[in-house]
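Trainee: Dumping the structure here so I can ask a few things about it.
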Amino acid sequence: MDDWTQTLTAGPLLGIAAAAIALLLVLIIRFHLHAFPTLVLVSLLTAFATGIPAGAIVDTMTDSFAGTLGSVALLVGFGAMLGKLVEHSGGAQVLAERMVSLFGESRAPFALGIASLIMGFPIFFDAGLIVMLPIIFAVAKRLGGPVLLYALPAAAAFSVMHVFVPPHPGPVTATELYGANLGLVLLVGILIAFPMWYLSGYLWGRFAASRFDFKLEVSLFGGQDNDTIENPPSVGTVIALLLLPLALIFLNTGLDFARAAGVADSDATWFQILSSLGETPIALLISVLVAIYVLGSRRGEGGSALEKIVDSSLGPICSVILITGAGGMFGGVLQASGIGDALSDSMSDLGMPVIVAAYLVAVVMRLAQGSATVALVTAAGLMAPAVASGDFSAMQIVAITLATAAGSVFAGHVNDSGFWLVGRLLGMDVKTTLMTWTVQQALESVVGFLLAGIVYLIF
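Sequence positions in the sequence shown follow this note's numbering and run 53 to 511.
Here it is as structure tokens:
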């Protein structure tokens, strides 16, 4: 590959890129092929079409796949374990109940949303929503308000955290592809998460509930109350466990700033040890080990039972990890072929800022194939060379990463599994789901892009 030079001009390369994306969408949408083999197949065909030497194609694909999974698999795996331990111990229920008690019944929707934002850090969107729904339904049943008043803010909170905040796979992979600072992405993602949720989740939830004021269906409960978990952890324990990885990661980011400012010596042993502890995989590993002890062993859970709990968290994420790795493979092939450089040159000619182009590419991918993770990873892989060749500051790259994430969540509809999950769990028909959840996702996307744009312009 070092001696190979791309001979195709920008026009044919961009045509190949467009054809590759179209083929990807057709195979997933029309023929219902799984995203993992589809991404691998399209990556292979793209490599051949762009003239990458045949002897280097497999190495290019596997290197990109391995490079993506090297960090993503650890982060997603440890994040899923932490979320499962918190869920199984009853921590999610305790946290939500305390929030309602703290804010009062009149602000129960706000409280449930805040609890979901906190719980959404380690827990995936679908798992988090399922964990919170019994609590949401219990509050709705007790207070008697419209289901959407309580459920929509909570669902939006999980969506915001899943799409914008590491250690979720989409933002982690986009961070890797763009070469962004993970600590900064985490910090800025958390900072913009609240206003994004408040505008697109909480306020929209109140408005939607006033327009669609259907009450809770008895069938949603099956006529029974929720099971009571014995000896659940305290609220302080749950919050401390969720803040532990954040504190360790922010420590590492702080050390980087101290080094850049000349305050700390990066060659010092203490600096290197603390820096290693603040690396995201190590921070999450430490948090998982602490959670196993605090939420498991300390509460009387046996070794084999704990092992089964932790093991059960890994099965559901296998598909996500493989799709994420394959998306990184596709991005690696695009980068190696020179398509990204051609796209960068074309955008320069059009005068379209990279942050806008990244957002629009992600929007198109989201609308066409449904999966926010696939949309985010594919768009980031396509735009990564343009970002690498540009003169962007660290914070501007963070803003581009979050803008791409914003595009990937735009207007989830019938080709998105989350659309059906939310609609079915809340007892809505397709039309109502489109008028409530799809609009919420569009609002979340636009608000997220505007906030990312503000970060881009300021820094």
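Backbone N, C-alpha and C define an ideal beta-carbon position, used for all residues, glycine too.
Grouping DSSP H, G and I as helix and E and B as strand, with all else coil, what is His140?
Mentor: Helix.
Trainee: Excluding five sequence neighbours on each side, which residues of the same chain lie with their C-beta closer than 6 Å to the C-beta of Met435?
Mentor: Answer for Met435: Ala410, listed in chain order.
Trainee: By the three-class DSSP mapping on this structure, what secondary structure does Asp115 have?
Mentor: Helix at Asp115.
Trainee: Nearest by alpha-carbon distance to Gly231: which of Val215, Ser262, Gly433 is it?
Mentor: Per the Cα distances, Gly433.
Trainee: Along the chain, where does the alpha helix (DSSP H) containing Ile170 start, and where does it finish?
Mentor: First-last of the alpha helix (DSSP H) with Ile170: 160-171.
Trainee: Which residue wins for smallest C-alpha separation from Ile506, given the options Phe155, Glu228, Ile244?
Mentor: Nearest of Phe155, Glu228, Ile244 to Ile506, Cα basis: Ile244.
Trainee: For the alpha helix (DSSP H) holding Trp322, just list the boundary residues, first then last.
Mentor: Where Trp322 is concerned, the enclosing alpha helix (DSSP H) stretches over 321-329.
Trainee: Run the CB neighbour count on Tyr202, radius 10 Å, all protein chains shown included, and call it buried at 16 or more, exposed below.
Mentor: Buried: at least 16 other Cβ atoms inside 10 Å.
Trainee: Hey, out of Thr90, Ile510, Ala320, Thr425, whose CA is closest to Thr227's CA?
Mentor: Checking every option, the nearest Cα to that of Thr227 belongs to Thr425.
Trainee: What are the boundary residues of the alpha helix (DSSP H) that Arg258 is part of?
Mentor: 256-263 is the extent of the alpha helix (DSSP H) around Arg258.
Trainee: For the candidate residues Val315, Leu329, Gly142, Gly380, whose alpha-carbon lies nearest to that of Pro297?
Mentor: Checking every option, the nearest Cα to that of Pro297 belongs to Leu329.
Trainee: If you measure between the beta carbons of Leu293 and Val346, is that distance less than 8 Å?
Mentor: Closer than 8 Å, so yes.
Trainee: If you count every other CB in all the chains shown that lies within 10 Å of the CB of Phe444, and 16 or more means buried, which is it?
Mentor: By the 10 Å Cβ count, Phe444 comes out buried.
Trainee: Relative to the C-alpha of Phe598, which residue among Leu478, Val212, Ala451, Leu134 is closest?
Mentor: Residue coverage of the chain in this structure runs from 53 to 511, which leaves residue 598 outside it and unanswerable.
Trainee: Would you kindly report the start and end of the unbroken alpha helix (DSSP H) that includes Leu341?
Mentor: Taken as a continuous stretch (DSSP letters only), the alpha helix (DSSP H) holding Leu341 covers 332-343.
Trainee: Just to confirm, is the Cβ distance from Gln493 to Ser211 under 8 Å?
Mentor: For Gln493 and Ser211, yes; Cβs fall inside 8 Å.
Trainee: According to the neighbour-count rule (16 or more other Cβ atoms, all chains shown, within 10 Å of its Cβ), is Gln324 buried or exposed?
Mentor: With fewer than 16 Cβ atoms within 10 Å of its Cβ, Gln324 is classed as exposed.
Trainee: Per DSSP, what kind of secondary structure is Gly196 in: helix, strand or coil?
Mentor: Gly196: coil per DSSP, three-state reduction.
Trainee: If contact is defined by three or more beta carbon pairs under 8 Å, each pair taking one atom from either stretch, is the stretch 374-386 in contact with the stretch 120-136?
Mentor: Result yes; three or more Cβ-Cβ pairs closer than 8 Å.
Trainee: Using the Cα positions of Val340 and Phe130, report the straight-line distance between them to the nearest angstrom.
Mentor: Rounded to the nearest angstrom, the two C-alpha atoms are 7 Å apart.
Trainee: Given a cut-off of 8 Å on the beta-carbon distance, is the pair Leu45 and Ile104 in contact?
Mentor: Residue 45 falls outside the range modelled here, since the chain spans only 53 to 511, and no answer is possible.
Trainee: CB Ile391 to CB Ala69, shorter than 8 Å?
Mentor: Cβ distance < 8 Å, so Ile391 and Ala69 count as in contact.
Trainee: Pull up the distance between the alpha-carbon of Leu272 and that of Leu185, whole angstroms please.
Mentor: With a pLDDT of 41 at Leu272, under the threshold of 50, the modelled position of that residue is not reliable, and no figure is offered here.
Trainee: By DSSP, does Thr57 sit in helix, in strand, or in coil?
Mentor: Thr57 falls in the coil class under three-state DSSP.
Trainee: Are Ile188 and Leu154 closer than 8 Å when you measure CB to CB?
Mentor: No, the Cβ-Cβ distance between Ile188 and Leu154 is not below 8 Å.
Trainee: Can you find a C-beta in chain D that's less than 8 Å from the C-beta of Val124?
Mentor: As a matter of chain content, chain D is missing from the structure shown, which is built from one protein chain.
Trainee: Contact defined as beta carbons within less than 8 Å: I believe Ala207 pairs with Val461. What is the distance between those atoms, to the nearest angstrom?
Mentor: With a Cβ gap of about 12 Å, Ala207 and Val461 do not count as contacting.
Trainee: Hey, out of Glu496, Pro437, Ile175, whose CA is closest to Gly384's CA?
Mentor: Of Glu496, Pro437, Ile175, the residue nearest in Cα terms is Pro437.
Trainee: Work out the CA separation of Val215 and Ser371 for me, nearest whole Å.
Mentor: When rounded, the distance between both Cα atoms is 17 Å.
Trainee: Considering only C-alpha positions, which residue in the set Leu366, Met404, Leu503 is nearest to Leu35?
Mentor: Limits of the chain in this structure are 53 at one end and 511 at the other, which puts residue 35 out of reach.
Trainee: Quick check on the burial criterion: 16 or more other C-beta atoms within 10 angstroms. Buried or exposed for Gly172?
Mentor: Buried: at least 16 other Cβ atoms inside 10 Å.
Trainee: Could you check what DSSP says for Glu282 in three-state terms: helix, strand or coil?
Mentor: Note: Glu282 maps to coil in three-state DSSP.
Trainee: Cutting at 8 Å between CB atoms, please list the residues of its own chain near Val146, excluding the five before and the five after it.
Mentor: Taken in chain order, the residues that qualify are Pro284, Pro285, Ser286, Val287, Val290.
Trainee: What residue from Leu77, Leu454, Ala87, Ala394 has the CA that sits closest to Leu419's CA?
Mentor: Closest by alpha carbon: Leu77.
Trainee: For Ala343, which option in Ile361, Pro405, His465 has the closest C-alpha, if you only look at C-alpha atoms?
Mentor: When each option's Cα is compared against that of Ala343, the closest is Ile361.
Trainee: So Val372 is in the alpha helix (DSSP H); what residue range does that whole segment cover?
Mentor: 370-389 is the extent of the alpha helix (DSSP H) around Val372.
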